[in-house]
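Residue numbers (the working numbering): 239 to 589.
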């Protein structure tokens with residue numbers, strides 16, 4: 239059994255590392271060969287005199303233009319175009335592993351320094367939204383399963399299908415219009431109370447929560463419908479198993495059956511979805527933070543798209559992708575701890 243679990247961990251670790259390597263390799267190919275991509279953009283800016291020494295070159299093959307382009311490419315995207323391709327790849331790959339993602343064209347600062355201050359704000363609203371949505375999925379899904387076929391179940395199913403069909407950015411606009419513009423219950427933009435002093439004091443903390451409320455609710459509602467229906471289906475499946483029927487015949491308390499037999503097993507398939515939803519919501523922050531003018535990682539990425547800041551865009555792409563890979567990897571390596579049915583490196587059917 240122990241050998242099988244070790245093989246399982248080794249396999250999942252290898253898959254995660256391969257995915258991370260493939261992501262970086264694809265990113266390098268995009269940077270180096272995509273028409274109109276970072277290399278072409280930097281060269282075009284150089285030829286127009288917008289970057290580098292501030293002069294226009296007649297031809298990109300001029301020695302001075304080649305040298306200026308080498309310096310610009312090395313500075314902004316960590317690639318020396320005068321080196322052989324495999325050397326470019328190795329140097330760029332090593333730079334990324336060291337946290338050197340190039341320099342932002344729009345902000346004029348290293349990409350990592352631009353992203354570092356705003357990442358915690360995005361992580362904050364994403365974490366709150368995912369936890370809030372997951373708890374609601376468990377409660378509503380389990381309740382609907384207990385009343386399967388009733389009017390409550392039918393109406394709730396219809397409601398959550400309708401909720402699931404509306405994108406998160408539509409919920410964001412509706413909530414912003416009603417609760418911010420119409421009733422003024424929440425701020426229209428920003429992430430902190432500008433009049434409060436920074437620190438662990440209630441005015442500052444309350445301002446953070448007040449500004450994050452609508453983005454969190456928008457994300458939580460958008461990811462609620464599908465999770466509730468999945469929890470309902472899992473609970474109904476568990477309710478029909480023999481061990482639940484035997485537990486009832488033995489006269490066990492309903493609360494004990496609901497917690498130890500039904501909820502625990504119904505949650506197993508939801509665990510992976512819980513971690514994957516983190517990466518999904520993280521990626522959705524780009525549009526959401528733009529709507530609420532919440533200056534997190536999504537807002538920075540939107541500004542990068544507007545200004546064609548390729549180094550910052552690629553840095554954000556790497557960050558979002560690695561967030562997804564990390565979430566999947568955590569789900570993979572922790573699943574055997576909650577599901578003992580995993581044996582010899584293979585997961586149960588619910589995984």
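Think of the CB as a built atom: it goes at the ideal place given N, C-alpha and C, for glycine as much as any other residue.
Task: Backbone secondary structure at residue 533 - three-state DSSP - done: Residue 533 falls in the coil class under three-state DSSP.
Task: Beta-carbon contacts of residue 459 that lie in its chain and below 6 Å, excluding the five residues immediately before and after - done: Within the same chain, residue 459 has close Cβ partners 409.
Task: Cβ contact (3+ pairs, closer than 8 Å) linking the stretch 421-429 and the stretch 483-503 - done: The stretch 421-429 makes no contact with the stretch 483-503, as fewer than three CB pairs between them are under 8 Å.
Task: residue 311, enclosing alpha helix (DSSP H) - first and last residue - done: First-last of the alpha helix (DSSP H) with residue 311: 301-315.
Task: Simplified DSSP state of residue 341, which is helix, strand or coil - done: In the three-state scheme derived from DSSP, where H, G and I count as helix and E and B as strand, residue 341 is classed as strand.
Task: C-alpha distance - residue 368 paired with residue 545, whole-angstrom precision - done: Rounded to whole angstroms, residue 368 to residue 545 spans 31 Å at the Cα level.
Open item on the list: Excluding the 5 residues flanking residue 583 on each side, which residues of the same chain have their C-beta closer than 7 Å to its C-beta?
Closed with: Any answer about residue 583 is weak, because its pLDDT of 44 lies below 50 and its placement is not dependable; what the coordinates show is given next. Within the same chain, Cβ atoms closer than 7 Å to the Cβ of residue 583 are found at 242, 245, 246, 249, the five residues on either side in sequence being excluded.
TODO: Report the residue ranges of all alpha helix (DSSP H) runs contained in full by the stretch 385-438; include only those spanning at least 4 residues, in chain order.
DONE: Runs found: 389-402, 406-413.
TODO: Within its chain, find whatever has a CB closer than 6 Å to the CB of residue 510; leave out the 5 residues flanking it on each side and keep chain order.
DONE: Contacts found: 569.
- [ ] For chain D, find out if any of its Cβ atoms is closer than 8 Å to the Cβ of residue 420; answer yes or no.
- [x] This model lacks chain D altogether; it includes just one protein chain.
Task: residue 358 in three-state terms, based on DSSP - done: In the structure shown, residue 358 sits in a helix (DSSP, three-state: H, G or I).
- [ ] Return the chain-ordered ranges of every beta strand (DSSP E) run that is complete within the stretch 494-566 and spans a minimum of 3 residues.
- [x] Correct list: empty.
TODO: Compare the C-alpha of residue 508 against each of 412, 312, 371 and name the closest.
DONE: Nearest C-alpha to residue 508: 371.
Open item on the list: On the criterion of 16 or more Cβ atoms from any shown chain inside 10 Å, does residue 533 qualify as buried, or is it exposed?
Closed with: With 16 or more other Cβ atoms inside 10 Å of its own Cβ, residue 533 counts as buried.
Task: Through-space distance from residue 549 to residue 265, alpha-carbon basis - done: Cα to Cα, residue 265 sits roughly 11 Å from residue 549.
- [ ] Could you tell me if residue 483 is buried or exposed, where buried requires 16 or more neighbouring beta carbons within 10 angstroms of its beta carbon?
- [x] Residue 483 should be labelled exposed.
Open item on the list: On the DSSP letters alone, give me the boundaries of the alpha helix (DSSP H) that residue 470 sits inside.
Closed with: Looking at the DSSP string, the run of the alpha helix (DSSP H) that includes residue 470 is 462-477.
Open item on the list: So for residue 588, helix, strand or coil by DSSP?
Closed with: At residue 588 the pLDDT is 36, less than 50, meaning the model places this residue with poor confidence and gives no usable figure here.
Task: Contacts around residue 329, its chain only, beta-carbon distance under 8 Å, and the 5 residues preceding and following it disregarded - done: These residues qualify, in order along the chain: 316, 317, 318, 321.
Task: Identity of the residues DSSP links to residue 348 by a beta bridge - done: Answer is 341, bridged to residue 348.
- [ ] Would you decide whether residue 416 is buried or exposed? Buried here means 16 or more other CB atoms lie within 10 Å of its CB.
- [x] Residue 416 counts as exposed, since fewer than 16 other C-beta atoms from the protein chains shown sit within 10 angstroms of its C-beta.
Open item on the list: Please state the DSSP three-state secondary structure of residue 591.
Closed with: Summary: the structure shown does not reach residue 591, with the chain confined to residues 239 through 589, and so no result is reported for it.
Open item on the list: Please identify the residue among 575, 523, 472 whose C-alpha is closest to the C-alpha of residue 555.
Closed with: Of the listed residues, the one whose Cα sits closest to residue 555 is 523.
- [ ] Specify the secondary structure class of residue 484 as computed by DSSP and reduced to three states.
- [x] In this structure, residue 484 counts as helix in the three-state DSSP scheme.
- [ ] Can you have a look at residue 392 and say buried or exposed, based on whether 16 or more other CB atoms are within 10 angstroms of its CB?
- [x] So residue 392 counts as exposed.
TODO: Give me the Cβ distance between residue 547 and residue 388, rounded to the nearest whole Å; I'm assuming they're in contact under 8 Å.
DONE: With 8 Å as the limit, residue 547 and residue 388 do not qualify as a contact, their Cβ atoms being about 54 Å apart.
Open item on the list: Which residue marks the beginning of the alpha helix (DSSP H) containing residue 326, and which one marks its end?
Closed with: Its alpha helix (DSSP H) spans residues 323-335.
Task: Spatial distance of residue 563 from residue 505 (CA atoms) - done: Cα to Cα, residue 563 sits roughly 22 Å from residue 505.
Task: Proximity below 8 Å, CB of residue 365 to CB of residue 406 - done: No; because the gap between Cβ atoms is not below 8 Å, this pair is not in contact.
Open item on the list: Measuring only the C-alpha atoms, how far is residue 454 from residue 514?
Closed with: When rounded, the distance between both Cα atoms is 17 Å.
Open item on the list: Given a cut-off of 8 Å on the beta-carbon distance, is the pair residue 452 and residue 401 in contact?
Closed with: Between residue 452 and residue 401, the CB-CB gap reaches or exceeds 8 Å.
Open item on the list: According to DSSP, simplified to helix, strand and coil, what is residue 244?
Closed with: Correct three-state label for residue 244: helix.
- [ ] Just mark residue 359 as buried or exposed, buried being the case when its beta carbon has 16 or more other beta carbons within 10 Å.
- [x] When all chains shown are included, residue 359 counts as buried.
Open item on the list: Excluding the 5 residues flanking residue 356 on each side, which residues of the same chain have their C-beta closer than 8 Å to its C-beta?
Closed with: Residues 533, 534, 535, 537, 538 of the same chain have their beta carbon placed closer than 8 Å to that of residue 356, with the five preceding and five following residues left out of the count.
- [ ] Determine the DSSP secondary structure at residue 275, reduced to helix, strand or coil.
- [x] It is coil, neither helix nor strand.
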